[in-house]
Structures are given as C-alpha cells and as structure tokens.
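Report on one structure; see the data block that follows.
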Amino acid sequence: MSGSNKGPGSSPLSSSTTDSGLGDMILRGRYYLIEESTILPLVAITGRIKLPTADADRGLGTGEFDEGAGVELTKSLGERWLAYLDGGYNIIGDAPGTNFNNQWWYDIGVGYDVTDHLHMSLFYEEYRALVNTVSNARDLLALSNYIVNDSVHLTGSLLVGLSNGAPNYGMGFGVRFRF
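One rule links them: number in the numbering used here = place in the sequence shown (from 1) + 11.
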C-alpha cells in the first residue's frame, strides 16, 4: 500500500494528511414558507446539491454528488441584529471503497447589519462525522453578505475548526441570485 495515494478510501482515517485546492461546488435553493412577524420568525426550507468538482485523487473530495434539505429560522432582534437557527440532513454519496454516514447538521448564530448593504454574521456549526471513527465537525463560521442590488448578493466566509473532525480553517466566496 502506497502512502502517497490520497484518493477516497485509500488511506487510514487515523493518518494525517494536508493538501489544498479548489473544493466541491454547492448549489443551494431556498423557499420562504413564512415571512417574519412580530411573534414568528422567518421560516424557509432549503435544498442543496454538492457538485463533485474537487480533486478526488488528491483527497479534496469524494468525487460523488451529495443532496440535502433543511429548515432555516431567522428572527430580527431590534433594528440591526438577527438571530439564526438552522438544521438539516444530507445524503452523502459514497466513493468507491467507502461507506459514509449520512449527515445531520445544525447551526446557531447572530448577525448584524453594518450598513444597509453589508451584513456580517457569526455561527457555531456542528455536522455529523462521515465515519464513526472521527469526531463530529464543529466550527465557527464568519460570513459577510454584500447587497449589490435586490437580486444579486456577494458572499464571503472564513471558518475556524474547533474539533479534530473539522478543517483547521477554510474560506468561501459566492454570488447569490434571488428571483
């Protein structure tokens, strides 16, 4: 067995490897069920599909599609503050030679409207581990959302891992279209 083969299922989970590169792309959709009122939070259902764009041969992804659904609750706390509570379930695609757990997840967070066009938020997240021998992924995620216009938003994120099952750090960028 060669130690240089870092493809999915090819190295022991107890080993430690480091690699970097473009990860998988995720397409997300959201449907608003209930608009926020004085008492009720905004309630949305979400769907997601992970496209296997990461290099599976370098161990950056599984090379398989994942699908998931969830619920988002958002409540205003005064003029510029927001509270978030989200949760969901992902069906994980198994690469050859693997048998991954499907994944429940949740996050809780708070956000602040810095300006009318810039929103910043901070979340604590937890995801079920893909395999039973690794701890659940727990992290802190900082997000920024810049509103270009009513239809286009630019997003950026920084992540810091809090458990051995999470990446040490991560970054993300995106464009959101609302219609």
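Glycine included, each C-beta is placed from N, C-alpha and C at the ideal position.
This structure is a prediction, so every number in the text was calculated from the model and none was measured.
Nearest residue (CA-CA) to residue i, options the options
{"i": "residue 108", "options": "147, 121 and 75", "result": "75"}
{"i": "residue 41", "options": "73, 81 and 52", "result": "81"}
{"i": "residue 188", "options": "52, 161 and 117", "result": "161"}
{"i": "residue 83", "options": "126, 106, 52 and 183", "result": "52"}
{"i": "residue 146", "options": "34, 37, 178 and 159", "result": "178"}
{"i": "residue 100", "options": "89, 139, 183 and 134", "result": "139"}
Cut-off 6 angstroms between Cβ atoms - residues of its own chain near residue i, not counting five sequence neighbours on either side
{"i": "residue 155", "result": "131 and 167"}
{"i": "residue 185", "result": "166"}
{"i": "residue 136", "result": "118, 150 and 152"}
As assigned by DSSP and simplified to three states, the class of residue i
{"i": "residue 77", "result": "strand"}
{"i": "residue 69", "result": "helix"}
{"i": "residue 21", "result": "Here the model assigns residue 21 a pLDDT of 47, short of 50, so the residue's position is not dependable and the matter cannot be decided."}
{"i": "residue 132", "result": "strand"}
{"i": "residue 183", "result": "strand"}
{"i": "residue 31", "result": "coil"}
{"i": "residue 85", "result": "strand"}
{"i": "residue 173", "result": "coil"}
{"i": "residue 190", "result": "coil"}
{"i": "residue 96", "result": "strand"}
{"i": "residue 159", "result": "coil"}
Distance, residue j Cα to residue i Cα
{"i": "residue 62", "j": "residue 124", "result": "31 angstroms"}
{"i": "residue 44", "j": "residue 93", "result": "18 angstroms"}
{"i": "residue 110", "j": "residue 48", "result": "44 angstroms"}
{"i": "residue 112", "j": "residue 65", "result": "20 angstroms"}
{"i": "residue 118", "j": "residue 46", "result": "20 angstroms"}
{"i": "residue 59", "j": "residue 79", "result": "5 angstroms"}
{"i": "residue 55", "j": "residue 67", "result": "33 angstroms"}
Nearest-angstrom Cβ-Cβ length linking residue i and residue j, presumed shorter than 8 angstroms
{"i": "residue 129", "j": "residue 95", "result": "Not a contact, Cβ separation roughly 17 angstroms."}
{"i": "residue 120", "j": "residue 148", "result": "Between residue 148 and residue 120 the Cβ distance is about 16 angstroms, and since that is not below 8 angstroms, they are no contact."}
Contacts around residue i, its chain only, beta-carbon distance under 7 angstroms, and the 5 residues preceding and following it disregarded
{"i": "residue 181", "result": "170"}
Own chain residues within Cβ distance below 8 angstroms of residue i, not counting five before or after
{"i": "residue 174", "result": "146, 147, 148, 149 and 150"}
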